[in-house]
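In our numbering, the protein residues as written are 932 to 1297. Glycine included, C-beta positions come from ideal geometry on N, C-alpha and C. Since we're looking at a predicted model, the values are computed, not measured.
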Amino acid sequence: EKGGYEHFMMKEIFEQPRSILDSMRGRLELEAGHLNMGGVRAYERKFVTADRIIIVACGTSWHAGLVAEYLLEDLARIPVEVEYASEFRYRNPIITERDIVIAISQSGETADTLAAIELAKSKGATIFGICNVVGSSIARATDAGAYTHAGPEIGVASTKAFTAQVTVLTLLAMIVGHKRGTLSDTKLRELMMELSNIPSKVEKALLLNTEIEQMAEIFKDVSNFLYLGRGYNFPVALEGALKLKEISYIHAEGYPAAEMKHGPIALIDENMPVVVIATKDSSYEKVVSNIQEVKARKGRIIAVVTEGDDVIPQMAEFVIEVPATSEVLTPLVSVVPLQLLSYHIAVLRGCNVDQPRNLAKSVTVE
Ligand code: M6R
């Protein structure tokens, strides 16, 4: 059942080239040059004229929502707010009929997300669901939606569901952006092409496994980790930290790299490992300066960089090279080594990675 892997989590990490492809199947038609999403078609006008999109989710799905904020604002120029479902539902939020609420949930059973949907519905918003489990409560409570088709995810730590969610949200942002006229034919075509290359780039990132396992050996006994990223890699930093804390019980925090100087920099000394996601994108130069700041305080830098980077390897103690891709698609590739790192650290610490203490696969209580 684990397909020869020791844990479901590992199996699911390694399934990603396939699950990402499955989440695009029938939706991205490269040859014909079009994108289809059944659930979007009937609500196309709503999306095109929406004043605002509010995304509600929890945990890893909330991180996918943060990536979607960047995607939808970049490609479709619609203002987006990303909300923890649990906070949203209790603060008398302002919701109108011209809002679209996107609920993201792997299980489709998360109580807080479901309650947020019911609230938004009562105010007349259109609810679009992105779920993995077919026929789940959230899938049934929404007006329309798109399944992620990642296949069953058994490990409590979400991995392939996250990349499938991000893939579906990318397709959504591309479709809506194109319809709104904010994403040109040429740019759309380019992105479609690059998105279809993602499964093989993820495959390539998975080849880092042995190297990352060795790195895990070095860091397995530390008690804190900091994860930094900017732009599209900011949500990835949060996701990397969440993965590590939930399965290895090491305290980890994710931060937007530029926020570091507003507090967390005080934590940095020679005992603090800092994972910096520093791929070649529009914030690259800025992230390089953030690395310098960490280095000046003797922090131990593990940098996730784009293949061929010849600057950061001179500054970081460890470097993880991932294939280059378009900036908006970066999270799909850069999250992979972070999943592997947390997996190996947890295994080396003797933790039950598939069923970490105090956690359940879906949180059906508030
Ligand atoms: O099933 P959902 O996507 O609604 O679950 C949301 C969170 O409970 C979930 O992502 C949780 O944070 C995971 N254990 C993260 O790996």
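A straight-line Cα-Cα distance of about 36 Å links S1220 and D1116.
Counting along the chain, the unbroken alpha helix (DSSP H) around N1221 starts and ends at Y1215 to A1227. For D1030, the uninterrupted beta strand (DSSP E) run begins and ends at D1030 to S1036, by DSSP.
For E1177, the enclosing alpha helix (DSSP H) starts and ends at N1164 to S1179. Under the DSSP definition of a beta bridge, A1075 partners with F1059. Look at the beta carbons and you see the stretch 1086–1094 touching the stretch 1281–1291: at least three pairs across the two are nearer than 8 Å. Following the DSSP letters along the chain, one finds E943 inside the alpha helix (DSSP H) bounded by residues F939 to F945. When the five nearest sequence neighbours on each side are left out, the beta carbons in the same chain lying within less than 6 Å of the beta carbon of R1231 are those of P1204 and E1248, in order along the chain.
Put simply, of L1260, S954 and R972 the residue whose alpha carbon is nearest the alpha carbon of L1003 is L1260. Taking the C-beta atoms as reference points, T1079 is found nearer than 7 Å to V1099.
Taking 8 Å as the upper bound for CB-CB distance, I1143 and L1279 are not in contact here, some 12 Å apart. Closest in alpha carbon position to A1034, among I1069, V1064, F1150 and G1281, is I1069.
Within the chosen limit of 6 Å, the ligand M6R does not reach the beta carbon of V1205 with any heavy atom. For P1187, the enclosing beta strand (DSSP E) stretches over residues H1182 to P1187. Counting the other CB atoms within 10 Å of its CB gives D1030 a total of 16 or more, which places it among the buried residues. With fewer than three CB-CB distances shorter than 8 Å, the stretch 1131–1150 does not count as touching the stretch 1187–1202. Contact between the stretch 973–989 and the stretch 1013–1031 is established, with three or more Cβ pairs separated by less than 8 Å. Annotation: the continuous alpha helix (DSSP H) that includes E1148 extends over N1140 to F1150.
Taking a cut-off of 8 Å for Cβ pairs, the stretch 1158–1168 and the stretch 1204–1217 touch, as three or more such pairs fall below it. Under the three-state reduction of DSSP output, G970 falls in the helix class.
DSSP places L1271 within a helical segment (H, G or I) once states are collapsed to three. In this structure, the CA atom of E1040 is about 36 Å from the CA atom of R1120.
Restricting attention to E1148, P948, K1229 and I1243, the CA atom closest to the CA of N1202 is found in K1229. According to the DSSP assignment, E1252 belongs to no alpha helix (DSSP H) but to the beta strand (DSSP E) extending over F1249 to V1253. S950 places its beta carbon 7 Å or farther from that of A1046.
P1262 is a Cβ neighbour of V1167, given a cutoff of 7 Å. The ligand M6R has a heavy atom closer than 6 Å to the beta-carbon of S1038.
Of the residues assessed, K1192 falls on the exposed side of the cut-off, its CB having fewer than 16 other CB atoms within 10 angstroms. According to the DSSP secondary-structure assignment, I1208 is paired through a beta bridge with V1235.
Between the alpha carbons of A1227 and E1170 lies a distance of about 26 Å. A direct Cα-Cα distance of roughly 11 Å separates T1094 from Q1037.
If you compare the alpha carbons of V1250, I1178, I1199 and D1200 with that of M941, the shortest gap goes to I1178. Under DSSP, Y1158 shares a beta bridge with G1185 and V1206. Around the CB of P1083, fewer than 16 other CB atoms lie within 10 Å, so the residue is classed as exposed. M955 and G1239 have their C-alpha atoms spaced approximately 29 Å apart.
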